[in-house]
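Enquirer: In the working numbering, the protein residues as written are 153 to 274.
All C-beta atoms in this analysis are idealised placements derived from N, C-alpha and C, irrespective of residue type, glycine included.
Input: one structure, supplied below.
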């Protein structure tokens with residue numbers, strides 16, 4: 153995936169969406185679908201590393217979901233999909249497109265499957 157589809161999706165969101173300043177944490181959630189995998193982004197007014205803060209959808213953009221098809225991912229197991237999405241989100245956060253966006257530091261960003269642990273990136 154490299155700086156491909158996930159990077160493009162986050163870049164588009166950074167250019168078109170403007171959540172309230174009170175949103176301090178963002179989660180890139182993931183789940184498996186019949187077509188492959190989907191990712192989505194939500195934001196919360198609160199963050200607790202040990203809590204269910206990511207269930208509080210205080211921010212949900214218009215283009216919340218991104219479908220990652222099985223063909224595009226070439227049959228990867230879910231562990232590799234998670235690693236690839238984490239790598240892509242980290243690359244976006246380090247990019248010029250992220251600077252000055254609502255995802256730029258010191259915001260908290262996590263990635264993880266809906267039924268798994270959330271991995272903090274910032």
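Secondary structure at residue 244, three-state DSSP: helix, strand or coil?
Expert: Stepping through the chain shown from its first residue, residue 244 is reached at position 92. Of the three classes helix, strand and coil, the one that applies to residue 244 here is helix, per DSSP.
Enquirer: Between the beta-carbon of residue 210 and the beta-carbon of residue 262, is there less than 9 Å?
Expert: Position 58 of the chain shown, counting from 1, holds the residue named residue 210. Position 110 of the chain shown, counting from 1, holds the residue named residue 262. No, they are not a contact pair.
Enquirer: For residue 199, which of 215, 186, 180, 176 has the nearest alpha-carbon?
Expert: Within the chain shown, the letter at position 47 stands for residue 199. The option with the nearest alpha carbon to residue 199 is 176.
Enquirer: Below 9 Å between beta carbons: does that hold for residue 162 and residue 193?
Expert: Position 10 of the chain shown holds residue 162. Position 41 of the chain shown holds residue 193. Against a cut-off of 9 Å, the Cβ pair of residue 193 and residue 162 comes out as a contact.
Enquirer: Between the C-alpha atoms of residue 236 and residue 178, what's the straight-line distance to the nearest angstrom?
Expert: Translated into the one-based positions of the chain shown, residue 236 becomes position 84. Translated into the one-based positions of the chain shown, residue 178 becomes position 26. So the two alpha carbons sit approximately 18 Å from each other.
Enquirer: Report back the beta-carbon spacing between residue 270 and residue 206 to the nearest angstrom; my notes put them in contact at under 8 Å.
Expert: Here residue 270 refers to the residue found at position 118 when the chain shown is read from its first residue. Here residue 206 refers to the residue found at position 54 when the chain shown is read from its first residue. Yes, they are in contact, since the Cβ atoms of residue 270 and residue 206 sit about 6 Å apart, within 8 Å.
Enquirer: Just to confirm my understanding: we take residue 169, look at its own chain, exclude 5 residues before and 5 after, and list those with CB closer than 6 Å. What are they?
Expert: Residue mapping note: residue 169 aligns to position 17 of the chain shown, counting from 1. Once the five neighbours on either side are set aside, the close Cβ partners of residue 169 are 213.
Enquirer: Give me the Cβ distance between residue 267 and residue 159, rounded to the nearest whole Å; I'm assuming they're in contact under 8 Å.
Expert: Taking the chain shown and counting its residues from 1, one reaches residue 267 at position 115. Taking the chain shown and counting its residues from 1, one reaches residue 159 at position 7. Rounded, the Cβ-Cβ distance is 26 Å, inconsistent with contact.
Enquirer: In this structure, how does DSSP classify residue 206 when only helix, strand and coil are distinguished?
Expert: As a working mapping, residue 206 is identified with position 54 in the chain shown. Helix.
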